[in-house]
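Below is one structure; the comments refer to it alone.
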Amino acid sequence: MTFLEHISHDLQREFGAGISDLCLVVPSRRAVVFLRQALARAYQSTLWAPRMLAIQDLIRETDGRRFPEPLRLIFEVYRVYQARMRAEGKPEERFEQFYAWGEMLVRDFDEVDKYCVDASKLFANVHDLKELEEFFALDGELLKAVRSFWETIRVEPEAPTEMQARFLKIWAMLQLVYEDFRAALAAQDMAYDGMAYRQLADDLLAGEPVFPNYKKLVFIGFNALSTAEERIIGHLLQAGRAIVYWDVDRAYFTPPEEALRRAAKGSHLAGEEPGKFIRDYHAQWQAWDSRLVVHDMAAAPKQIYLSGVALHVGQARHLGNLLEQRPLAQEDLSRHAVVLADENLLFPTLYALPQTVSHLNVTMGFPLRQTHVYHLLQNVLDLVRQMQLDPQGRWVFPYRKVLELLANPLVQPAPQAHQLAGEIKAQNLLFVSRDRLVEQVASPLLRQILAVPPLPPGSDP
2 MTFLEHISHD LQREFGAGIS DLCLVVPSRR AVVFLRQALA RAYQSTLWAP
52 RMLAIQDLIR ETDGRRFPEP LRLIFEVYRV YQARMRAEGK PEERFEQFYA
102 WGEMLVRDFD EVDKYCVDAS KLFANVHDLK ELEEFFALDG ELLKAVRSFW
152 ETIRVEPEAP TEMQARFLKI WAMLQLVYED FRAALAAQDM AYDGMAYRQL
202 ADDLLAGEPV FPNYKKLVFI GFNALSTAEE RIIGHLLQAG RAIVYWDVDR
252 AYFTPPEEAL RRAAKGSHLA GEEPGKFIRD YHAQWQAWDS RLVVHDMAAA
302 PKQIYLSGVA LHVGQARHLG NLLEQRPLAQ EDLSRHAVVL ADENLLFPTL
352 YALPQTVSHL NVTMGFPLRQ THVYHLLQNV LDLVRQMQLD PQGRWVFPYR
402 KVLELLANPL VQPAPQAHQL AGEIKAQNLL FVSRDRLVEQ VASPLLRQIL
452 AVPPLPPGSD P
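Residue 2 is where the sequence shown starts when you use my numbering, and the numbers rise one by one after that.
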């Protein structure tokens, strides 16, 4: 029985049809889909379903403000940053120069609020490293990491480097940028996730009524919580308005003294092993409704086969052959997983799957740089950057860049793309005119893209 199936049966026994008064909260939206399926199998009858939400959606729904897209947040932090730069009499930056820095600021401000950090202390100029212990009561690896950071950045009065001086000037301004950013969003009735998490945690601690529509909230399958999440769940547990289900394996729920004993023997559980967070939360909340669903993977029988296959494509094809040799019923597919060691294997694996696999659920990301769209844009930028006028006054492209473009799978299906590539090679052309490329490939998109004027030499698109 899976973790979600166990919980579904447990809730059915305890609440029956009254489950509609609950709100089931999971870490991600993807988990909502599988939880809904598990509940349907457990009940096998018609009833009003409970609300099922990812924790991000629950907190956004409770907050009520608008949550803009990341790019909008970067624009907002850019505006307040530029205003502070002007007030300090410092030169302003163009948005394209600021973008990466702004993306990092938005992400860091979100973390500051999710972990309920005192921004005035975080963004202080720490000249005496002893102040770190007073500010945050740090210990262990975290203290070592923060000390290492400030040892690198700390400015010696007699010889500050340019990098150190510039960094500390920006660092000293970050608290003001953080406060202005939050104020600017609040004035527009907007927020980012960290703001909403922190606000809800503060409201609960202040005794504000929240979640009036739910009898109880059931938190399912969480692990390492942010400080705000910990405060929210802890307060609801103490108020008798929450249940928490932890998904743990017996190996990771070892008591600390047992973990030390295994560490002495060289066990992989030495130090901060994966079970630490759940053990700590359960010990802290076991007086309330904190429930463990314990599995024992080590005790389950297993069959392991090893196959030596060269290259990524060969591995993907071998997987396809294995699946073809062992056809699976459609209802069994959800109980099988393919775990890839390298994200670059994703597309070769998808192409190698047999036709019997008609439905699949991809749970991993894929780098944009590996996509055909990225390479197409790179090809076009290279063409535009290197286009030039020939003696007849026509715009022409270097043949190598044209061949790279024609080899892109998004262009190759266009009429006569393959034929043009063959003509370029057969005629030993050094340059290909823009008119010939657009007309012969006959792609409206390509025609529109290549209508742009050439970039000046040395420019960075």
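All C-beta atoms in this analysis are idealised placements derived from N, C-alpha and C, irrespective of residue type, glycine included.
Query	Result
Can you tell me which of G276, D119, E424 puts its alpha carbon nearest to the alpha carbon of R251?	G276
Just how far apart, CA to CA, sit L130 and Q239?	Annotation note: pLDDT 47 at L130 (below 50); position unreliable, coordinate value reported separately. Straight-line Cα distance between these residues: approximately 38 Å.
Excluding the 5 residues flanking F220 on each side, which residues of the same chain have their C-beta closer than 6 Å to its C-beta?	V26, I234, V245
Three or more C-beta pairs under 8 Å: does that hold for the stretch 80 to 90 against the stretch 113 to 122?	no
Measure the C-alpha to C-alpha separation of H376 and L451 and round it to an integer number of angstroms.	16 Å
Helix, strand or coil for L323, going by three-state DSSP, please let me know.	helix
Identify which residue in D22, L354, L123 has its Cα closest to the Cα of R327.	L354
For Q449, does the three-state DSSP call read helix, strand or coil?	helix
If I measure Cβ to Cβ from D181 and keep anything under 8 Å in the same chain, skipping five residues before and after, which residues do I get?	V81, A84, R85
If you measure between the beta carbons of A55 and S21, is that distance less than 8 Å?	no
Between Y44 and the rest of its own chain, which residues show a CB-CB distance below 7 Å, the 5 nearest in sequence each way excluded?	Q13
Alpha carbon to alpha carbon, how far is R37 from N362?	16 Å
How big is the Cα-Cα spacing for L446 and G423?	22 Å
Since I believe L334 is in contact with M365 (beta carbons under 8 Å), could you give me their beta-carbon distance rounded to a whole number of angstroms?	With 8 Å as the limit, M365 and L334 do not qualify as a contact, their Cβ atoms being about 17 Å apart.
Can you check DSSP and say which residues form a bridge with Y246?	I221, R292
Can you tell which of D109, Y193, R95 has the C-alpha that lies nearest to the C-alpha of E62?	Y193
Hey, how far is the Cα of L384 from the Cα of P392?	19 Å
Classify P71 as helix, strand or coil using the three-state DSSP reduction.	helix
Relative to the C-alpha of F432, which candidate in L421, Y400, H313 has its C-alpha closest?	Y400
Have a look at L312 and W396 and give me their C-alpha separation to the nearest angstrom.	41 Å
Nearest to V211 by alpha carbon, out of L346, Q417, I425, R242?	R242
What are the partner residues of Q389, as DSSP defines its beta bridges?	V397
Where do the N-terminal and C-terminal ends of the beta strand (DSSP E) with L54 fall, by residue?	52 to 55
Excluding the 5 residues preceding and the 5 following E325 in the sequence, name in chain order all residues of the same chain whose CB lies nearer than 6 Å to its CB.	P355
Among K426, L411, R435, which has the Cα closest to the Cα of G394?	R435
Whose CA, out of K216, R87, V118, lies closest to the CA of M174?	R87
Compare the C-alpha of R448 against each of E230, V412, E405, P92 and name the closest.	V412
Could you compute how far the alpha carbon of K303 sits from the alpha carbon of H296?	15 Å
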